[in-house]
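Report on the structure given below.
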Amino acid sequence: MNKFVFFISFLLLGLFVSGQSPSFKTYMNPVIPGDHPDCTLTKVGNDFYTTGSSFNVTPVIYHSTDLVHWEAIAQPVSASWAIYDDKPGAGCWGGQIVYYNSKWWDFFSRANTMYFVKADDPKGPWSAPTKVIDPSTLPFGLGYDNSIFIDDNKWYLVVKNGQPNNAIVELDTNGQAKGAVYNLNWLNPSPALPYSWAEGPVMWKYKEYYYYSFARDLAGGQKVMRSKTLTAEQTAWEMQGDFFNETDPLKSSSLFASPNHASPAVLVSDSTSWVLHPLYAKGEWKGQGRQGLLNQVRYNVTGRPIADYPINKSYTAPQLPCSGIPYMVPKSDDFSATKLHPEWSSLGYTVDGKYSLTERPGWLRLSPKSAAKGNTVTKYDGEHNYSLITRLDFTAKSLDDQAGLRLMRGDETKFVKLVSSLNSQGKKATVFSFETTAYEAENTVGDTLWLKMVRVNHQITGYFSDNGTNWIQIGKAFDVSVVDSYSDFVSFTGTLQGLYVQGASNAYFDLYIYRDAYTPILAECPANQFGTTRGPVVLGIGTLDNIHNNDWALYAGIEFGNNDYHATPDSVEFTASCAGSGGIVEVWLDSIATGTKIAECKIDPTGSWTTFRQFKAKVIPVKGSHDVYLNFVGASGTTKLFQLKWMNFIRKSTDPNTFTQIEKTDKVSIYPNPFLHKFNLKMNGEFRYEIFTLDGKLVEEGKGKDEVSVGSTLDTGAYLVNVTSGKERFCSKIVKE
Numbered sequence: 001m002n003k004f005v006f007f008i009s010f011l012l013l014g015l016f017v018s019g020q021s022p023s024f025k026t027y028m029n030p031v032i033p034g035d036h037p038d039c040t041l042t043k044v045g046n047d048f049y050t051t052g053s054s055f056n057v058t059p060v061i062y063h064s065t066d067l068v069h070w071e072a073i074a075q076p077v078s079a080s081w082a083i084y085d086d087k088p089g090a091g092c093w094g095g096q097i098v099y100y101n102s103k104w105w106d107f108f109s110r111a112n113t114m115y116f117v118k119a120d121d122p123k124g125p126w127s128a129p130t131k132v133i134d135p136s137t138l139p140f141g142l143g144y145d146n147s148i149f150i151d152d153n154k155w156y157l158v159v160k161n162g163q164p165n166n167a168i169v170e171l172d173t174n175g176q177a178k179g180a181v182y183n184l185n186w187l188n189p190s191p192a193l194p195y196s197w198a199e200g201p202v203m204w205k206y207k208e209y210y211y212y213s214f215a216r217d218l219a220g221g222q223k224v225m226r227s228k229t230l231t232a233e234q235t236a237w238e239m240q241g242d243f244f245n246e247t248d249p250l251k252s253s254s255l256f257a258s259p260n261h262a263s264p265a266v267l268v269s270d271s272t273s274w275v276l277h278p279l280y281a282k283g284e285w286k287g288q289g290r291q292g293l294l295n296q297v298r299y300n301v302t303g304r305p306i307a308d309y310p311i312n313k314s315y316t317a318p319q320l321p322c323s324g325i326p327y328m329v330p331k332s333d334d335f336s337a338t339k340l341h342p343e344w345s346s347l348g349y350t351v352d353g354k355y356s357l358t359e360r361p362g363w364l365r366l367s368p369k370s371a372a373k374g375n376t377v378t379k380y381d382g383e384h385n386y387s388l389i390t391r392l393d394f395t396a397k398s399l400d401d402q403a404g405l406r407l408m409r410g411d412e413t414k415f416v417k418l419v420s421s422l423n424s425q426g427k428k429a430t431v432f433s434f435e436t437t438a439y440e441a442e443n444t445v446g447d448t449l450w451l452k453m454v455r456v457n458h459q460i461t462g463y464f465s466d467n468g469t470n471w472i473q474i475g476k477a478f479d480v481s482v483v484d485s486y487s488d489f490v491s492f493t494g495t496l497q498g499l500y501v502q503g504a505s506n507a508y509f510d511l512y513i514y515r516d517a518y519t520p521i522l523a524e525c526p527a528n529q530f531g532t533t534r535g536p537v538v539l540g541i542g543t544l545d546n547i548h549n550n551d552w553a554l555y556a557g558i559e560f561g562n563n564d565y566h567a568t569p570d571s572v573e574f575t576a577s578c579a580g581s582g583g584i585v586e587v588w589l590d591s592i593a594t595g596t597k598i599a600e601c602k603i604d605p606t607g608s609w610t611t612f613r614q615f616k617a618k619v620i621p622v623k624g625s626h627d628v629y630l631n632f633v634g635a636s637g638t639t640k641l642f643q644l645k646w647m648n649f650i651r652k653s654t655d656p657n658t659f660t661q662i663e664k665t666d667k668v669s670i671y672p673n674p675f676l677h678k679f680n681l682k683m684n685g686e687f688r689y690e691i692f693t694l695d696g697k698l699v700e701e702g703k704g705k706d707e708v709s710v711g712s713t714l715d716t717g718a719y720l721v722n723v724t725s726g727k728e729r730f731c732s733k734i735v736k737e
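Here my numbering is used: position 38 in the sequence shown is 38, and no number is missing along the way.
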């Protein structure tokens with residue numbers, strides 16, 4: 001199916017400091033959910049960039065203007081690079097993007113060898129990797145997990161190789177080693193190795209001092225030392241001890257423990273200093289990998305930098321504009337571009353041509369790597385509740401042919417799969433599987449069907465549909481605690497989600513929805529929040545608790561409907577309990593006060609905190625993907641207003657998903673294509689047509705019967721034509737020469 005595409009603008013109003021929304025004044029960690037190991041931090045002008053180790057997925061560069069909201073903008077290293085491996089724990093190690101000598105550079109290591117790539121713009125295109133030659137004056141190689149330090153128009157590679165070897169190496173303008181080499185092998189001498197691995201070294205300058213900070217090892221711990229001169233002389237460096245505030249009284253109760261591998265401290269325009277650092281959550285969610293945390297750095301009276309310990313609280317955010325960047329969760333995708341969004345990563349080495357967005361405009365074609373090896377495009381899995389939806393066109397010819405949604409443990413040994421395939425009798429089937437258990441349902445829909453995978457904490461459930469509205473559950477939910485709690489020091493990679501194909505056939509995906517508005521959203525799982533906490537847990541499900549006046553909670557990346565997913569909300573429903581006087585839930589899009597308020601729902605008393613009822617309110621028309629903020633209003637003071645268990649948007653019953661998409665052209669004709677003056681629309685009976693530019697602007701519409709000639713007023717270019725008749729719809733792309 002070709003399609004017409006509306007581009008829904010994601011606009012946040014009044015986001016600069018003078019009108020900063022209450023929802024942007026504070027934040028809770030992590031600011032970059034999912035697996036982002038060894039993340040660095042670079043400031044260029046008013047913009048911030050981070051990247052780091054990727055291991056078996058393609059590296060990604062992220063951009064921010066406020067350090068809290070991040071967006072994927074580029075992949076500096078191609079998955080088709082010949083040296084790129086394809087196994088757990090492979091890929092690229094370390095990584096830092098910098099701007100130097102009028103070029104953008106990204107330095108990283110592969111197989112214990114340093115490389116760099118270059119670009120004229122941080123969004124790319126990026127050059128092929130160039131190997132950094134080990135300087136002959138250094139008695140060890142350049143190693144891995146290194147960083148870049150720029151000082152007075154000179155730049156340096158801050159080097160780590162093995163346990164006892166640290167160094168600072170000046171670079172030439174071409175990115176290769178230059179004259180000055182500072183050997184710091186006294187820092188972590190063998191065999192004592194007082195700082196274990198002394199890894200991930202970073203440097204920055206503050207006032208008159210050079211600061212050098214390093215991690216002990218994966219078990220945690222970050223140290224810092226300083227010097228007034230850039231030198232290899234040990235006596236010039238003052239060891240200042242722990243970098244993070246290890247004496248914080250709330251340290252023991254933090255969800256994240258033993259911070260390390262921190263970025264350099266970056267001074268921002270409001271005169272505060274900050275670090276990004278990757279950190280595993282404790283216990284049951286450790287499997288999500290090292291998530292990206294933001295913490296402030298404060299210098300005491302002696303000039304020692306001390307970073308906040310990542311305790312469970314709302315922090316005051318930097319006073320910086322976010323410039324309309326939404327909160328960093330996986331984004332929905334309608335595959336209307338000509339290249340995959342950089343948020344998608346290939347899994348391991350993947351030759352060019354294994355995917356296409358132009359072969360069938362509006363669809364992602366995904367091809368197996370070989371007859372024996374499947375192909376996955378992935379996103380980081382960093383949240384506890386979401387609903388993945390895709391529309392798939394796939395013709396399975398054997399039991400081995402599968403395509404659909406896949407969630408994968410980092411070591412690539414355990415998978416949750418929801419796929420279209422064949423069963424043992426050779427009939428079309430949808431299969432939902434995990435480890436040795438597989439549920440299947442006969443597929444009476446055909447080759448083109450909808451799939452939905454819903455996560456509610458550790459429970460994942462699979463569904464399929466013929467229209468994206470009426471869903472049929474396949475088997476029972478799987479408990480994936482063994483995935484969510486797992487991590488190791490071999491693969492290093494956290495949980496991944498995405499689209500998958502294996503066997504001999506190509507798969508075509510029409511869209512990817514991350515969080516469906518019309519699937520119940522678990523209130524206890526906000527992406528960000530102020531004041532609220534997780535309440536009592538019953539049968540694995542808790543509540544959003546401790547809700548007071550002016551508290552709020554954010555649920556990021558909610559999809560309300562687009563031109564592939566035809567849905568519109570009618571109302572919103574909250575499942576709540578209240579033993580007090582109640583209050584109001586305000587529903588805001590994209591920000592509180594400066595965004596758009598789409599609903600107000602009154603929560604009345606239910607008799608007790610354990611008695612839950614549904615409360616409903618009308619919603620103004622909404623389209624597209626949005627961050628949804630719940631702002632709570634009620635009696636001021638310490639009175640708890642209510643508890644929330646679920647939020648769910650109710651779709652209008654007249655949603656055009658009830659249309660049957662015409663896949664064959666024997667019912668409708670659009671010709672000639674390309675055309676010079678006019679083109680003809682031919683369809684039996686009465687029909688309606690709409691013509692859109694590729695950016696979604698309606699330029700012509702009308703009605704016809706049997707056949708009409710249209711398009712005479714159109715300018716040269718490409719257009720999308722939508723034809724509807726009764727409950728049938730046909731979409732196609734056409735070009736005027």
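Glycine included, each C-beta is placed from N, C-alpha and C at the ideal position.
Please classify residue i: is it buried, with 16 or more other beta-carbons within 10 angstroms of its beta-carbon, or exposed?
i: S109; result: buried
i: N46; result: exposed
i: Y565; result: buried
i: K123; result: exposed
i: W93; result: buried
i: T493; result: buried
i: G717; result: exposed
i: R298; result: exposed
i: Q402; result: buried
i: H677; result: exposed
i: P342; result: buried
i: G498; result: buried
i: T235; result: exposed
i: N112; result: exposed
i: A128; result: exposed
i: A567; result: buried
i: A82; result: exposed
i: G468; result: buried
Determine the direct distance from the alpha carbon of residue j to that of residue i, and round the result to whole angstroms.
i: D551; j: L589; result: 16 Å
i: A517; j: T461; result: 17 Å
i: L754; j: D106; result: Coverage of the chain is limited to positions 1 through 737, which leaves residue 754 absent and any answer about it impossible.
i: M28; j: P526; result: 10 Å
i: G580; j: N546; result: 12 Å
i: G540; j: N457; result: 7 Å
i: V416; j: K205; result: 47 Å
i: T137; j: A167; result: 11 Å
i: G582; j: R613; result: 12 Å
i: N680; j: T713; result: 14 Å
i: V77; j: W126; result: 7 Å
i: T780; j: T437; result: No answer is possible for residue 780: the residues shown for the chain start at 1 and end at 737.
i: P656; j: V445; result: With a pLDDT of only 47 at P656, under 50, the local geometry of the prediction cannot be trusted, and the value read off the model is given with reservation. Whole-angstrom Cα-Cα distance: 18 Å.
i: W197; j: E383; result: 31 Å
When the Cα of residue i is compared with those of the options, which residue comes out closest?
i: S577; options: P536, W204 and A281; result: P536
i: D393; options: S505, S253 and N722; result: S505
i: G607; options: K623, Q643, D627 and Y629; result: Q643
i: N423; options: V490, E442, T413 and L407; result: E442
i: F388; options: L418, K452, A371 and T436; result: One point to set straight first is that residue 388 is Leu, not Phe, in the sequence displayed. Here the closest residue by C-alpha is K452.
i: T42; options: S64, L511 and G426; result: S64
i: F675; options: K736, M408 and L630; result: K736
i: V480; options: D381, Q529, P135 and K397; result: D381
Bridge partners of residue i, per DSSP?
i: H626; result: I558
Please report whether the beta-carbon of residue i lies at a distance below 8 Å from any beta-carbon of chain B.
i: F632; result: Of the protein chains in the structure, only one exists, and it is not chain B.
Query raised in the report: Is there contact between the stretch 302–313 and the stretch 47–58, where contact requires at least three CB pairs shorter than 8 Å?
Result: Taking one beta carbon from each stretch, the stretch 302–313 and the stretch 47–58 have fewer than 3 pairs nearer than 8 Å; the two do not touch.
Query raised in the report: Contact between the stretch 713–731 and the stretch 684–700: three or more CB pairs below 8 Å?
Result: In short, these stretches touch, since the Cβ pair count reaches three.
Query raised in the report: Is it a yes or a no for the stretch 332–352 touching the stretch 467–485, going by three-plus beta-carbon pairs under 8 Å?
Result: With a cut-off of 8 Å, the stretch 467–485 and the stretch 332–352 do not count as touching, because too few Cβ pairs lie within range.
Requested in this report: Take every Cβ of the stretch 225–239, pair it with every Cβ of the stretch 190–209, and state whether three or more of those distances are shorter than 8 Å.
Outcome: Enough Cβ pairs lie closer than 8 Å, so yes.
Query raised in the report: Given 8 Å as the limit, is there contact between the stretch 472–479 and the stretch 265–277, that is, 3 or more CB pairs closer than that?
Result: Of all C-beta pairs linking the stretch 472–479 to the stretch 265–277, fewer than three are shorter than 8 Å, placing the two stretches out of contact.
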